[in-house]
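Chemist: This is the structure, below, for whatever I ask next.
Residue numbers (our numbering): 68 to 156.
This is the structure:
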């Protein structure tokens, strides 16, 4: 089995976001994968309410599916926003 991928080495995750993710207990790609983009984003917003933008959600989703955050389609963005609203955020 391969070693876990440190969150700092994951595509779309910059140094500041990696720091924030580690502060909420997400240290590896596998941690992010287990939690999912929506839940990770909600935890980030809870901890850093005035610093985290929707771009963080796009980045988290892009990291999970292996594409650059700015290539997330409008359809996927709308789906993520709907899921976020349905989850109570």
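Virtual Cβ for every residue (Gly too), placed ideally from N, Cα, C.
Give the secondary structure of residue 73 by DSSP, where H, G and I count as helix, E and B as strand, and everything else as coil.
Modeler: Looking at residue 73 - three-state DSSP - the assignment turns out to be strand.
Chemist: Among residues of its own chain, excluding the 5 on either side of residue 148, which ones have a beta-carbon nearer than 7 Å to its beta-carbon?
Modeler: For residue 148, where only same-chain residues beyond five positions count, there are no Cβ hits under 7 Å.
Chemist: Taking all protein chains shown into account, do 16 or more other C-beta atoms lie within 10 angstroms of the C-beta of residue 118, making it buried, or fewer, making it exposed?
Modeler: Counting Cβ neighbours within 10 Å, residue 118 comes out exposed, since fewer than 16 surround it.
Chemist: Between 116, 115, 137 and 131, which has its C-alpha nearest residue 122's C-alpha?
Modeler: Considering only alpha carbons, the answer is 137.
Chemist: Under the assumption that residue 94 contacts residue 77 (Cβ atoms under 8 Å), give the Cβ distance between them as a whole number of angstroms.
Modeler: Contact flag wrong, Cβ pair sits at about 11 Å.
Chemist: Going by beta carbon distance, what residues of the same chain come within less than 8 Å of residue 124, once the five residues before and after it are set aside?
Modeler: For residue 124, where only same-chain residues beyond five positions count, the Cβ hits under 8 Å are 104, 105, 108, 147 and 151.
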